[in-house]
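These notes are about the structure you will find just below.
Residue numbers (this note's numbering), protein chains in the order written: chain U, 915 to 1195; chain B, 915 to 1195.
Structure below.
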């Protein structure tokens, strides 16, 4: 397994691999790998000759009052997990290598960046789009693997890739959950045991909403009220949003129709948790 | 010579060329080719196995009151000029192919985009950076050739390439001039014969400034006054700006020092003309 820190070296390695006609799959992460990341790596490993994992806690996507410093960093453990998954290359640049002092360029994906989490995390998706463009140009993969848990991130990145003509396929992989349904997240480590237990109600609320829609409910306000009710009753969480939106355009739906993304963001203790499900009706 | 319109086809062609280990040089243009473009093509032809020319009048870099519609389009003549220069591939996508209806992504290079022409053409360099990223991802060249006449554009593109880790070398080629010194530009065709004659004073003013600096003058305000004086006296031009700036950072200089870009933009008749020289002191 190669561990690469320099952008130029990553690019050279990648073009050597491409010259052999091999297919490069790429899983970008911020490290602190959990089973959700491992599911991405396994899919990537299965489908490509070469499997690249990046580990980079991207300062650009954290707001000034967010958890950039606190974000878990477990490089040693990550490397050993990556080895077990037969990752070929770990690309783990320093912040200085990714953002030299005089960095001036940013990428903005209008509309998709401003909805949902974008309302509460100004600049977040600009940071995401910019770093992913940089990572794509460093790794130059054939296929990019993203987790469905970060549904809005998937939308923003897909749109950027399409708009800027990046020549890469995007595969979205289903959310991996704990036994009680909580979506895997590096930020779950912020939860106290009591908070952790209650956090499972986020997914339970989403499932209750799905049952309600399957029973015929189509009014988004009713669905949102149902979810909010469960979260208020069962957790001490502070809700950023609960929304029913078109799964492609992220446009809010008043009447649930087609492919609907039901997404939420809730602060529980020190953790800001997100989760979502897609309902087709 | 291939004439390619589809982004995907251009990408396939490019990766086939790269698989053979051949070096791709790329000259992006808006067409209406003149001797300045031909100098870029010759340099590109000389230094690379494969020479790609793009012709695309990019709507995104024109302001609402600018000359997008009037901009000269001479595809037939351009194709025959390109053939003479032994261009291998002309990439000439339609506006619809480059900007499908739901395009949402833009690239912004802070500071460099806001100075000089950026003050008078808001959004212009965002349009330039965005289209060049798209073209780079379509053509995937080893080397990109840009003309020094568009000095600020060169700065913005170099910065974007560095910041986003695009794996391409940038070569800047000297401005080609008419016999009387007027910088070649597709927009020169807007000038009446009388305007055309007077337009030569833009470069004469820059040369006078250079002489003055070589004679020891270091005060930027004196140099700017000199240039403005000549333009006022000798042309009917309306000046957007005359500036002395650091050639790398484009930061205004009060005392001329190091590598100085002396740049101007002047409206003469229907044409907005730009020109510049670099003085090392």
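C-beta: ideal position from N, C-alpha, C; glycine also. The model shown is predicted, which means the values in this text are computed figures rather than measured ones.
Original post:
Taking 8 Å as the CB-CB limit, is residue 1079 (chain U) close to chain B?
Top reply: yes
Exercise. What are the uninterrupted segments assigned as beta strand (DSSP E) that are 3 or more residues long and contained completely in the segment 1136 to 1189 of chain B, given in chain order?
Worked result: 1152 to 1160, 1173 to 1182
Where residue 1043 (chain B) and residue 1021 (chain U) are concerned, what is the direct C-alpha to C-alpha distance, given to the nearest angstrom?
-> 10 Å
**Asked** Among U:1006, U:1083, U:1152, which residue has its Cα nearest to the Cα of residue 1058 (chain U)?
**Response** U:1083
First through last residue of the alpha helix (DSSP H) which encompasses residue 1044 (chain B): 1038 to 1053
Requested in this report: State the Cα-Cα distance for the pair residue 917 (chain U) and residue 1192 (chain B), rounded to the nearest angstrom.
Outcome: 43 Å
Taking a cut of 9 Å between CB atoms, which residues from the segment 1005 to 1021 of chain U lie near chain B? 1012, 1013, 1014, 1016, 1017, 1018, 1019, 1020, 1021
TODO: Starting from the Cα of residue 1067 (chain U), find the closest Cα among U:1026, U:991, U:1186, U:1119 and give me that residue.
DONE: U:1026
- Taking residue 1013 (chain U) as the reference, which of U:1031, U:996, U:920, U:1036 has the closest Cα? U:920
Run the CB neighbour count on residue 928 (chain U), radius 10 Å, all protein chains shown included, and call it buried at 16 or more, exposed below.
buried
*Taking Cβ to Cβ, would you say residue 930 (chain U) is nearer than 8 Å to residue 971 (chain U)?*
no
message: Taking the beta carbon of residue 989 (chain B) as the centre, do at least 16 other beta carbons fall within 10 Å, making it buried, or is it exposed?
response: exposed
Backbone secondary structure at residue 1083 (chain U) - three-state DSSP: strand
Helix, strand or coil: how does DSSP classify residue 1006 (chain U) here?
coil
Margin query: Measuring straight from C-alpha to C-alpha, what distance separates residue 1174 (chain B) and residue 1195 (chain B)?
Written below: 8 Å
Between residue 1097 (chain U) and residue 1006 (chain U), what straight-line distance do the alpha-carbon atoms span, to the nearest angstrom?
25 Å
Exercise. Counting only runs that start and end within the segment 961 to 1041 of chain B, where is the beta strand (DSSP E) found for 3 or more residues in a row?
Worked result: 964 to 969, 1003 to 1005, 1019 to 1023
Q: Identify, in the order they occur along the chain, each residue of the same chain with its Cβ nearer than 6 Å to the Cβ of residue 1032 (chain U), setting aside the five sequence neighbours on each side.
A: 1039
> Under 8 Å between C-beta atoms, does residue 1083 (chain U) make it to chain B?
Replying inline: no
* Cross-strand partners of residue 1091 (chain U) (DSSP beta bridge) -> U:1097
Determine the direct distance from the alpha carbon of residue 980 (chain B) to that of residue 1128 (chain U), and round the result to whole angstroms. 54 Å
Quiz item: residue 927 (chain U) lies in the beta strand (DSSP E); which residues open and close that run?
Solution: Not the beta strand (DSSP E): residue 927 (chain U) falls in the alpha helix (DSSP H), residues 921 to 933.
- Message: Within the continuous alpha helix (DSSP H) that includes residue 1116 (chain U), where are the two ends?
- Response: 1107 to 1128
- prompt: residue 1179 (chain B) touches chain U at which residues, Cβ-Cβ below 9 Å?
  reply: Those within 9 Å of residue 1179 (chain B) in chain U number zero; the least Cβ separation is about 22 Å.
message: Closer than 8 Å is the cut-off here; do at least three beta carbon pairs connect the segment 1165 to 1185 of chain B with the segment 1108 to 1122 of chain B?
response: yes
message = Judging by CA-CA distance, which residue of B:1029, B:994, B:975 is the nearest neighbour of residue 1046 (chain B)?
response = B:975
Please list, in chain order, the residues of the segment 1023 to 1053 of chain U that have any C-beta partner in chain B closer than 7 Å.
1023, 1024, 1025, 1026, 1047, 1048, 1051, 1052
Taking all protein chains shown into account, decide if residue 1186 (chain U) is buried (16 or more other Cβ within 10 angstroms of its Cβ) or exposed.
buried
Sorted by chain position, which residues of the same chain lie with C-beta nearer than 6 Å to residue 941 (chain U)'s C-beta, five sequence neighbours on each side aside? 954, 955, 958, 967, 1059
| field | Cross-chain neighbours of residue 1167 (chain B) in chain U, by beta carbon under 7 Å | value | Neighbours of residue 1167 (chain B) on chain U: none; closest Cβ ~18 Å, over 7 Å.
Original post:
List, in order along the chain, the chain B residues whose C-beta lies closer than 7 Å to that of residue 925 (chain U)?
Top reply: 1081
Note to self: Does any residue of chain U have a CB that is nearer than 8 Å to the CB of residue 915 (chain B)?
What the structure shows: no
**Request:** Would you mind telling me which residues of chain U sit closer than 8 Å to residue 964 (chain B), beta carbon to beta carbon, in chain order?
**Result:** Ordered by position in chain U, no residue passes the 8 Å Cβ test against residue 964 (chain B), which lies about 16 Å from the chain.
DSSP state of residue 945 (chain U) mapped onto helix, strand, coil: coil
Name the chain B residues that come within less than 7 Å of residue 921 (chain U), Cβ to Cβ? 1079
Quiz item: Can you list the residues of chain U that residue 1073 (chain B) reaches, using a CB-CB cut of under 9 Å?
Solution: 1016, 1017, 1018, 1019
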